[in-house]
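*Asks:*
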Amino acid sequence: MLDRQVAPPVQPLASVTLPAADVFSLPNGARLHVLHNDAQPIIRLEIAFRAGKWYDPAPGVSLLTARMLLEGTRTRTARQIADEVAFYGASLECEQGFDRATLTLYCLSRHLEKLLPLVAEVIIAPTFPAVELELLKTRTIQNVRVERQKTSYLASERFAQNLYGPEHPYGIAFNESSFRQTTREAIAAFHESHYQLATSEVFLCGNVSSSHQNLIQEVLGSINSEPSAETTPALLFPQSAPPAHVNVPDSSQSSLRIGRVWPSLHHPDTHHLQVLIKVLGGYFGSRLMKNIREDKGFTYGIYASISPRENASHLVIGTDVNAISTEAAIAEIKRELVRLQEEIIPAEELQTVKNYMAGKFANELGTVFEQCDKYKNLIFLKLPHTYYTDFLAQISKVDSSTLLHLAQQYLLPEKMIEVAAGPTAMLQLK
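Quick note: the sequence shown uses UniProt numbering, first residue 1, plus one each step.
(1) What are the start and end residues of the alpha helix (DSSP H) that includes Glu113?
(2) Would you mind reading off the limits of the beta strand (DSSP E) that contains Ile306?
(3) Could you spell out the range, first to last residue, of the alpha helix (DSSP H) harbouring Tyr106?
(4) DSSP three-state call for Ser210: helix, strand or coil?
(5) So what does DSSP say about residue 432, is it helix, strand or coil?
(6) Apply the 10 Å Cβ neighbour rule to Glu336 and answer buried if 16 or more other Cβ atoms are within range, or exposed otherwise.
(7) Who are the Cβ neighbours of Leu215 in its own chain at under 7 Å, not counting the five residues just before and after it?
(8) Using 10 angstroms around the beta-carbon of Glu201, count the other beta-carbons present and answer buried if the total reaches 16, otherwise exposed.
(9) Could you pull the start and end residues of the beta strand (DSSP E) that Phe49 belongs to?
(10) Which whole-angstrom value describes the C-beta separation of Glu395 and Val279, a residue pair presumed to lie in contact below a C-beta threshold of 8 Å?
(11) Kindly indicate the opening and closing residues of the beta strand (DSSP E) around Gly422.
(12) May I ask you to report which of helix, strand or coil DSSP gives Val202?
(13) Kindly indicate the opening and closing residues of the beta strand (DSSP E) around Thr319.
(14) Taking the straight line between their C-alpha atoms, what separation do you get for Gln181 and Ala130?
(15) Applying the 10 Å Cβ sphere with the 16-neighbour rule, what's the burial state of Ile344?
(16) Cα-Cα, which of Asp295, Glu310, Asp320 is closest to Ala304?
(17) Measure the C-alpha to C-alpha separation of residue 432 and Gly318 and round it to an integer number of angstroms.
(18) Based on Cα-Cα distance, which residue from Leu411, Phe203, Ala188 lies nearest to Lys374?
(19) When the Cβ atoms of the region 50–64 are set against those of the region 186–196, are three or more pairs found closer than 8 Å?
(20) Which residues in the same chain as Tyr387 place their Cβ atom closer than 7 Å to its Cβ, once the five residues preceding and following it in sequence are excluded?
(21) Report the rounded CA-to-CA distance for Glu310 versus Ser264, giving the unit in angstroms.
(22) Return no unless some Cβ of chain D is closer than 9 Å to the Cβ of Ala186.
(23) Give a yes or no on whether the C-beta atoms belonging to Leu92 and Thr104 are separated by under 9 Å.
(24) Of all the options Asp3, Ala393, Pro346, which has the alpha carbon lying nearest to the alpha carbon of His271?
(25) Which parts of the region 242–302 are runs of the alpha helix (DSSP H), unbroken and 4 residues or longer, counting only runs that do not cross its ends?
(26) Suppose you measure from the CA of Asp295 to the CA of Gly259; what does that come to, to the nearest Å?
(27) Contact check, Arg100 vs Phe380 under 8 Å by CB: the rounded distance?
(28) When the distance is taken between beta carbons, is Thr199 closer than 9 Å to Lys30?
(29) Which same chain residues end up closer than 7 Å to Ile124 when comparing Cβ atoms and leaving out the 5 residues on each side of it in sequence?
(30) Keeping to the same chain, check which residues put their C-beta closer than 6 Å to that of Lys430; ignore five residues upstream and five downstream.
(31) Select from Gly60, Asp390, Val261 the residue whose C-alpha is nearest the C-alpha of Pro308.
(32) For the alpha helix (DSSP H) that Arg67 lies in, which residues bound it at each end?
(33) Name the residue from Leu70, Cys94, Gln96 whose alpha carbon lies nearest to the alpha carbon of Glu84.
(34) Give every residue of the same chain whose Cβ lies closer than 7 Å to the Cβ of Pro19, excluding the five residues on either side of it in the sequence, and list them in chain order.
(35) Taking His245 as the reference, which of Met289, Ala189, Ala323 has the closest Cα?
(36) Nearest by alpha-carbon distance to Asn207: which of Val119, Cys107, Arg67 is it?
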């Protein structure tokens, strides 16, 4: 008889290898990455341009360019674009990130031939109509005004400023005045210089056939473009910053953001550091969750995570707490940082974290789209092809003494950037 009071045995995860991508060079210089999987008759096409916030000539230009891409072309209005995409049961959107802007199409594999000319036209012939641009500006400003009523948004915004510096691409805050003044001409110029297929990465995954690959080469590969000049802002991060407070007088809660600039994924300790942060606050049974949520009842949730980007990475600890518990929560977070520097992690706890990380990694490879997302990390962050194999091998072997040493090196509370957003009356940062 099955005893439900006894947990099933945990089996070690065997080596996991990402499916190999076929990589082709298109005639115009773009690279096409193809991952095959015929489980479902669906295709995802992604075209990633070096057009994220990192390349902004002025705050807001890259964001508006990405969001205006589907607002009209030389032969189609925004409504016509949307209707054509909907007719084929597809999805087409363009999102701006910190480093890249990505145009993404989901469709049934049999409809790619019909939709690809539309994708090409969106890339090469957007018109950025003035009326739609002004409406988009207004909607964006209204959305930011709403977000800035939330302590979580304000804490994250100030944290980025204090962490990277207010003039750094990753730290620049939204400025309503300059955003409103962004011109159509500035957007068109940014599009011309940064939405170049010559420097793009094209990812095609799903039920892909040789005819689909040929179609991509014919349609997208025939678009002539010139490589855009890369810009590299000075990486002058603040060495330290005093604890900061954003006053939100009427709020009943405070949002906390605590962290620091972090080693890149190329660092030799990167996999071990991921285990350390997982122990601290990377899953529901983590140290921070047990202390701040379960024992103290200060919050519904708290996390610690590493945010890797192409030009810098950082660690952030984040939570929303009852305003009267702000100082106590900060003190308990620092206590957990110090504990990891002074006490060896028990073997059972460490093994639980290792099992969780291995299982979560395997679960994140369930579909070809998730596999492609992992593969994109290798491409964008210029990681070795053995990165994920090394990840599984190193997390399985890391010991508590190694993590203790890393905590002493990287988790010093005095090296952290600290931000709280909430009512001043409830907080006295020192």
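Even for Gly, the Cβ is constructed at its ideal location relative to N, Cα and C.
*Replies:* In terms of the structure at hand:
(1) Translated into the one-based positions of the sequence shown, residue 113 becomes position 113. Glu113 -> alpha helix (DSSP H) spans 112–124.
(2) Working through the sequence shown from its first residue, we reach residue 306 at position 306. Its beta strand (DSSP E) spans residues 302–308.
(3) What you label residue 106 is simply residue 106 of the sequence shown in a count that begins at 1. Note, Tyr106: premise wrong, no alpha helix (DSSP H); beta strand (DSSP E) at 101–108.
(4) Within the sequence shown, residue 210 is the residue found at index 210, counting from 1. Looking at Ser210 - three-state DSSP - the assignment turns out to be helix.
(5) Here the chain comprises residues numbered 1 to 430, so residue 432 is not present and cannot be evaluated.
(6) Taking the sequence shown and counting its residues from 1, one reaches residue 336 at position 336. That one is buried.
(7) Numbered from its first residue, the sequence shown carries residue 215 at position 215. So the list reads Leu112, Glu113, Leu116, once near-sequence residues are dropped.
(8) Within the sequence shown, residue 201 is the residue found at index 201, counting from 1. Per the 10 Å Cβ criterion, buried.
(9) Here residue 49 refers to the residue found at position 49 of the sequence shown. Start and end: 42–49.
(10) For this step, residue 395 is matched to residue 395 along the sequence shown. For this step, residue 279 is matched to residue 279 along the sequence shown. At residue 395 the sequence reads Ile, which differs from the Glu that was named. About 11 Å; that fails the 8 Å criterion.
(11) As a working mapping, residue 422 is identified with position 422 in the sequence shown. Per DSSP, Gly422 belongs to the beta strand (DSSP E) from 417–422.
(12) The residue given as residue 202 occupies position 202 in the sequence shown. Looking at Val202 - three-state DSSP - the assignment turns out to be strand.
(13) Indexing the sequence shown from 1 puts residue 319 at position 319. 313–322 is the extent of the beta strand (DSSP E) around Thr319.
(14) Position 181 of the sequence shown, counted from the start, is the residue given in the question as residue 181. Position 130 of the sequence shown, counted from the start, is the residue given in the question as residue 130. Distance between the alpha carbons of Gln181 and Ala130 is about 13 Å.
(15) For the purposes of this step, residue 344 is taken as the residue at position 344 of the sequence shown. Exposed: under 16 other Cβ atoms inside 10 Å.
(16) Indexing the sequence shown from 1 puts residue 304 at position 304. The option with the nearest alpha carbon to Ala304 is Asp320.
(17) It is not possible to answer for residue 432, since the shown part of the chain is limited to 1 through 430.
(18) On the sequence shown, position 374 is the one that residue 374 refers to. Residue Phe203 is the option with its Cα nearest to Lys374.
(19) yes
(20) Counting from one through the sequence shown, the residue named residue 387 turns up at place 387. If we look at Tyr387 and ignore the five residues flanking it on each side, its Cβ neighbours are Leu378.
(21) The sequence position of residue 310 within the sequence shown is 310, counting from 1. The sequence position of residue 264 within the sequence shown is 264, counting from 1. Going by the C-alpha atoms only, they are around 9 Å apart.
(22) Judged by its chain identifiers, the structure shown contains no chain D, having just a single protein chain.
(23) The count along the sequence shown starts at 1 and reaches residue 92 at position 92. The count along the sequence shown starts at 1 and reaches residue 104 at position 104. Contact: yes.
(24) The count along the sequence shown starts at 1 and reaches residue 271 at position 271. Comparing Cα positions, the closest option is Ala393.
(25) 270–281
(26) The count along the sequence shown starts at 1 and reaches residue 295 at position 295. The count along the sequence shown starts at 1 and reaches residue 259 at position 259. The alpha-carbon atoms of Asp295 and Gly259 are separated by roughly 23 Å.
(27) Position 100 of the sequence shown, counting from 1, holds the residue named residue 100. Position 380 of the sequence shown, counting from 1, holds the residue named residue 380. With 8 Å as the limit, Arg100 and Phe380 qualify as a contact, their Cβ atoms being about 7 Å apart.
(28) Translated into positions along the sequence shown, residue 30 becomes position 30. Translated into positions along the sequence shown, residue 199 becomes position 199. First, the residue type needs correcting, since residue 30 is Ala and not Lys in the sequence shown. Yes; because the gap between Cβ atoms is below 9 Å, this pair is in contact.
(29) On the sequence shown, residue 124 is found 124 positions in, with the first residue counted as 1. Only Ile223 meet the Cβ criterion.
(30) In the sequence shown, counting from the first residue as 1, residue 430 sits at position 430. Caution applies to Lys430, whose pLDDT of 42 falls short of 50 and renders its modelled position unreliable; the value that the coordinates give is listed next. Nothing listed; no residue qualifies.
(31) Here residue 308 refers to the residue found at position 308 of the sequence shown. It is Val261 whose Cα lies nearest to the Cα of Pro308.
(32) Numbered from its first residue, the sequence shown carries residue 67 at position 67. Run containing Arg67: 61–68, per the alpha helix (DSSP H) assignment.
(33) As a first step, residue 84 must be located in the sequence shown, where it is residue number 84. Ranking Leu70, Cys94, Gln96 by Cα distance to Glu84 puts Leu70 first.
(34) Start at 1 with the first residue of the sequence shown, and residue 19 comes out as number 19. Within the same chain, Pro19 has close Cβ partners Leu35, Gln371.
(35) The residue given as residue 245 occupies position 245 in the sequence shown. When each option's Cα is compared against that of His245, the closest is Ala323.
(36) On the sequence shown, position 207 is the one that residue 207 refers to. Nearest C-alpha to Asn207: Cys107.
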